[in-house]
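Enquirer:
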Ligand SMILES: [Zn+2]
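In our numbering, the protein residues as written are 27 to 80.
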């Protein structure tokens with residue numbers, strides 16, 4: 027599955043808070059929040075195909 031579609035499915039509407047270096051692969055790990063409530067939604071690394079929902 028396309029990674030963006032996976033994020034849509036798991037996190038829904040979102041905006042990027044910040045990016046950090048992924049501790050596993052060294053690529054970018056992205057943190058997301060809800061664009062309206064500003065609540066943290068989760069984090070994801072596309073390279074690891076990893077999504078964590080908070
Ligand atoms: Zn990674």
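Idealized CB from N, CA, C, for every residue including glycine.
Any idea which residues DSSP pairs residue 71 with across the strands?
Expert: Against the chain shown, residue 71 aligns to sequence position 45. Answer is 55 and 76, bridged to residue 71.
Enquirer: Taking 7 Å as the CB-CB cut-off, is residue 67 touching chain D?
Expert: Protein chain content of the structure displayed is limited to a single chain, and chain D is not contained in it.
Enquirer: Report yes if the C-beta of residue 60 is less than 6 Å from at least one heavy atom of ligand 1; otherwise report no.
Expert: Within the chain shown, numbered from 1, the residue matching residue 60 stands at position 34. No, the Cβ of residue 60 stays beyond 6 Å of every heavy atom of ligand 1.
Enquirer: In terms of DSSP beta bridges, what is residue 42 paired with?
Expert: Indexing the chain shown from 1 puts residue 42 at position 16. 58.
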